[in-house]
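Below is one structure, written out as structure tokens; the observations come after it.
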Amino acid sequence: MVEYSRGRWIAIHTLRGGLTGLFVRYWSKTGPPLHISKEEDLEELMRRFRGLRPRTFYASINVYSRVLRREDVENPENILYTTPVWDIDGSLDYWSKVVDVARVIVEELEKEGVTKSIYLKWSGRGIHVHLHEKAFSSDVLSKHHPLDIAYSIVDYILKKCTNKIIEIIKDVTGGERPLKVENEIDLKRVFTVPLSLHKSLDYAVVCFKPNEIEDFDPEWAKPNVLKHNSDWRNYSEGEADQLALKAVKEIGGYFKRVGEVRTVVQTVKPTITRKAGRKPVMKVGRFQVMALLQAARYYLLTGDLEKAKSFGLNRAIFYAWAKYH
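When we follow my numbering, the leftmost residue of the sequence shown carries the number 406, and every step to the right adds one.
Written as structure tokens, this is what we have:
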């Protein structure tokens, strides 16, 4: 956990606090971002939040040159590397289909000449396919921002294998959630840390390599089994250079696409026709949506629900005023 977390912005999900626990990203309301550089930092974090009972650990896709102040994680120039991650979300009820989708993504990466720098994580209900952030040469990283590279590669590969993924997921039924793959690359995105526990399921996050896909079983992630491959650390510097250059040229990068709808590969559910006599659903206005989004963002950053509601409302009022004055 410590080695993976080093240089990243950490978050924890707790069992206590609020209705479903808290999502904590800072040492205090005004303190610095959570970070883990050594085992003592992990021990201190557990002591500091022991009353909230930390359960699940997350780490940013970005690796920073320093994570000491809040400003450090707000500054894109402080980012050294960004990990490209394909987020496959699904259900244990059809876990083999999740594996099939992961296989398609891995095969597409291999066609692009990337073989040694790929690893996969079982997240509890799905799989995160990772391309090691150091699979790019310093020359490529000097030409393009790491976030641009990661976003473009994830989008590029998703677009190339969309049809194959749809073929897998179109007949999936059951489960508590639909099977889908998303481009979740974002400035503040986090994913679960290897060997962390899932926030609600009795599974840990375990890593495995592409040559283990055929043998994978969710039982590997049971805490009393814990079959975890530490070779997630392995990479070949420069092997993803050509893919990066090709993807950035076609997709354009993260910063040019901020605010656009993200790529999501999933089956489209049929529209349900409203029955006669049923009360029509009221549309939610743009400013109500703005209030909800701003409140959610504030809550994720601070964990303070009441202040989050106030913050969201105030922001929405300001935007409404600014539009007409």
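Think of the CB as a built atom: it goes at the ideal place given N, C-alpha and C, for glycine as much as any other residue. From a predicted model like this one, the values you see are computed outputs, not experimental measurements.
Ranked by how close their Cα comes to the Cα of R411, the residues R453, K632, S465 have S465 in first place. Close CB contacts of K539 within its chain, under the 8 Å cut and outside five residues either way in sequence, are with Y486, S522, Y640, E642 (chain order).
Collapsing the DSSP output to three states places E587 in a strand. Burial check for F621: the Cβ neighbour count within 10 Å reaches 16 or more, so the residue is buried.
In this structure S601 is buried. Its beta-carbon is surrounded by 16 or more other beta-carbon atoms within 10 angstroms. Note: I415 is bridge-paired with L439, A464 in the DSSP secondary-structure output. Membership of W527 in the beta strand (DSSP E) is indicated by the continuous run 523-527. The C-alpha of H603 is placed about 6 Å away from the C-alpha of A609. I493 is bridged by DSSP to I532, V586. Here S557 is buried: its Cβ has 16 or more other Cβ atoms, across all protein chains shown, within 10 Å. In this structure, V472 lies near W414, with their beta-carbon atoms less than 9 Å apart. Around the beta-carbon of E515, fewer than 16 other beta-carbon atoms lie within 10 Å, marking it exposed.
Separation of V407 and K565 (C-alpha to C-alpha, rounded to the nearest whole angstrom) is 35 Å.
Using a Cβ distance threshold of 9 Å, I574 and V534 do not count as a contacting pair. The bridge partners DSSP lists for T597 are Y463. DSSP places V407 in the uninterrupted alpha helix (DSSP H) bounded by 407-410.
Rounded to the nearest angstrom, the Cβ distance from G422 to L457 is 5 Å, consistent with a contact under 8 Å.
For T672, the CB contacts under 6 Å within the same chain, skipping 5 residues up- and downstream, are I574, K575 in chain order. A Cβ-Cβ contact shorter than 9 Å links V503 with L584. Restricting attention to S547, E617, L546, the CA atom closest to the CA of D505 is found in E617. Between Y659 and D591, the C-beta spacing is below 9 Å. Taking C-beta separations shorter than 7 Å and ignoring five residues to either side along the sequence, the partners of D646 in its chain run F541, S542, V545, following chain order. With 16 or more other Cβ atoms inside 10 Å of its own Cβ, P551 counts as buried. Exposed is the label assigned to K548, since fewer than 16 other Cβ atoms lie within 10 Å of its Cβ.
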